[in-house]
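Here the structure comes first, spelled out in structure tokens, and everything after it is commentary.
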Amino acid sequence: MNSTLIQMALLMTGGVAWRIIEPAGLGAEQTRKVLTTVVYYFFLPAMVLEVLWTADIGLHSLQYTVLAVVSILFAMLCFWVIGLVFKFEHRCLGAMMLAAAFPNVTYLGLPVLEQTFGSWARSVVIQIDLFATSPLLFTLGIAMVRHYGKDTSEVRQPLWSFLNVPPFWAAGLAVLLNLNGLVAPIWLTGTLKLLSAAVVPLMLFSLGLALSWQAVKVRSIPYIIPVVAIKMILMPLFALFLVDHLSIDNNYKAAAVLDLAMPSMVLGIVLCDRYQLDSSLYAMAVTVTTALSLLALPFWYQVLITRF
Numbered sequence: 000m001n002s003t004l005i006q007m008a009l010l011m012t013g014g015v016a017w018r019i020i021e022p023a024g025l026g027a028e029q030t031r032k033v034l035t036t037v038v039y040y041f042f043l044p045a046m047v048l049e050v051l052w053t054a055d056i057g058l059h060s061l062q063y064t065v066l067a068v069v070s071i072l073f074a075m076l077c078f079w080v081i082g083l084v085f086k087f088e089h090r091c092l093g094a095m096m097l098a099a100a101f102p103n104v105t106y107l108g109l110p111v112l113e114q115t116f117g118s119w120a121r122s123v124v125i126q127i128d129l130f131a132t133s134p135l136l137f138t139l140g141i142a143m144v145r146h147y148g149k150d151t152s153e154v155r156q157p158l159w160s161f162l163n164v165p166p167f168w169a170a171g172l173a174v175l176l177n178l179n180g181l182v183a184p185i186w187l188t189g190t191l192k193l194l195s196a197a198v199v200p201l202m203l204f205s206l207g208l209a210l211s212w213q214a215v216k217v218r219s220i221p222y223i224i225p226v227v228a229i230k231m232i233l234m235p236l237f238a239l240f241l242v243d244h245l246s247i248d249n250n251y252k253a254a255a256v257l258d259l260a261m262p263s264m265v266l267g268i269v270l271c272d273r274y275q276l277d278s279s280l281y282a283m284a285v286t287v288t289t290a291l292s293l294l295a296l297p298f299w300y301q302v303l304i305t306r307f
């Protein structure tokens, strides 16, 4: 795990360095937007198709959904109670509920789990993302940020519009091919593997581009402390308790819980900007939880391999 995180940190450092140097005058936000768009619309669908086409899809897939959804709802409820008690401002409360509840299951979880457990863990990550985290984010998550923020768009998109994107098209196609027992030709398998290989380094580099220590401010610490406590401690602990009641193999249990122990997701910054929540506060949560994950993830990994 330590060796894996060092490799991940070096790739993220490349993104941080790009933010500082700005080669060819390309800023971090501009570069990150291009890279994440290319990954989301081209490389990631190829990986989804490759992995889910040959994955073991069944009852355990539903259990991944239950584990992730219930754990995210638990974390969201925890911060909502804290915000209610301390009377946080709505735009801060919405941003921090998003940061505390939704982990970076794909952009950081995918490379960490693949390097730590092996290539089979990619299936766990993708199923947790596409069957649980993303649907919940683009339904309940959007409804929550709309409530605490302000929708400035002239045309309001329906909550189910998130399904109309390439990763979900690829997932639907892959599941259909998988359940019908169709075998991919060698040339197609090779192409998908080649495209999939680009996902991890681009994701990590993009994550580094999103990290900004300028967003870290002392006045924001009262908001960040509960996010760190929920994201780094309570949510993984709750997921660990819940996974004991599921009938999946131990190594898959460990991978699923570790994926849910990831820091705050980067995509939330986009939602905060869109719905006028406190984007700088959210950026600080991403930066701090990502930095602390270099300590928290090895701890949870040791707990998980000891338990399972």
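Under numbering that gives the first Met the number 0, residues 0 to 307 are what the sequence shown spells out, in order.
We put the beta carbon where it would ideally sit given N, CA and C, even for glycine.
Remember, it's a predicted structure, so these values are computed and weren't measured experimentally.
Residue state for Pro262 is assigned as coil, using DSSP reduced to three classes. If you draw a straight line from the Cα of Leu266 to the Cα of Ser133, it is about 10 Å long.
Going by DSSP, Arg121 is part of the alpha helix (DSSP H) stretching over Ala120 to Ile127. In the assembly as shown, Leu239 is a buried residue. Its beta-carbon has 16 or more other beta-carbons within 10 Å. If one requires a minimum length of 3 residues, no beta strand (DSSP E) run lies completely within the stretch 225 to 262. Closest in C-alpha terms to Ala74, from the list Ile229, Asn249 and Leu257, comes Ile229.
Around the beta carbon of Pro221, fewer than 16 other beta carbons sit within 10 angstroms, so the residue counts as exposed.
The DSSP assignment places complete alpha helix (DSSP H) segments of no fewer than 4 residues inside the stretch 20 to 72 at 27 to 37 and 43 to 53, in order along the chain. In this structure, DSSP gives Pro134 a helical state, which the three-state scheme calls helix. Between Met95 and the set Leu135, Val144 and Asn250, the nearest pair of CA atoms involves Val144.
Leu236 is the residue among Ala282, Leu236 and Val226 whose C-alpha sits nearest the C-alpha of Phe298. Beta-bridge partners of Pro102 (DSSP): Ser263. Counting the other Cβ atoms within 10 Å of the Cβ of Trp186 gives fewer than 16, which makes it exposed.
Residues Tyr63, Leu66, Ala67, Val123, Ile127, Ala238, Val242 and Ile247 of the same chain have their beta carbon placed closer than 8 Å to that of Ala255, with the five preceding and five following residues left out of the count. Under the Cβ criterion (8 Å, minimum of three pairs), the stretch 47 to 62 does not count as touching the stretch 199 to 212.
According to the DSSP assignment, Gln114 belongs to the alpha helix (DSSP H) that extends over Gly108 to Phe116. Look at Gln213 here: in three-state DSSP terms it is helix. Counting C-beta pairs with one atom in each stretch, the stretch 76 to 83 and the stretch 103 to 112 have fewer than three that are closer than 8 Å, which means they do not touch. Taking the Cα of Trp52 as reference, the smallest distance to any Cα among Ile125, Lys86 and Trp212 is reached at Ile125.
Per DSSP, reduced to three states, the secondary structure at Val174 is helical.
If you look at Ser195, you'll find it in the alpha helix (DSSP H) that goes Ile185 to Ser195. Val182 sits in coil when the DSSP states are folded into three classes, being neither helix nor strand. DSSP places Arg306 in the uninterrupted alpha helix (DSSP H) bounded by Ser278 to Arg306. Counting of Cβ neighbours within 10 angstroms places Leu25 among the exposed residues, the total staying below 16. Contact annotation: Met231 and Val104 have beta-carbon atoms that are not nearer than 8 Å. Under the three-state reduction of DSSP, Phe87 is assigned to coil, being neither helix nor strand.
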